[in-house]
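To start, the structure under review is shown below, and the notes come after it.
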Amino acid sequence: MQYTRGNQTRAALMMGINRGTLRKKLKKYGMN
């Protein structure tokens, strides 16, 4: 998230996952 300056869409694309999946993972680990 630091690399993309908090841009969730860009971060999800870089990891090859859906933005919704990324949001779930961030919430799960308390990183939102």
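FYI, our numbering numbers position 19 of the sequence shown as 644, with every residue one higher than the one before it. In this text, a Cβ means the ideal position worked out from N, Cα and C, and glycines have one as well.
Out of the options, state which residue places its alpha-carbon closest to the alpha-carbon of residue i.
i, options, result
"Thr634", "Met626, Arg644, Tyr628", "Arg644"
For residue i, I'd like the list of residues in its chain whose CB is within less than 8 Å of its CB, leaving aside the five on either flank, ordered along the chain.
i, result
"Met639", "Tyr628, Thr629"
"Asn657", "Arg648, Leu651"
Can you name, in chain order, every residue of its own chain whose Cβ lies under 6 Å from the Cβ of residue i, other than the five neighbours on each side?
i, result
"Met626", "Ala636"
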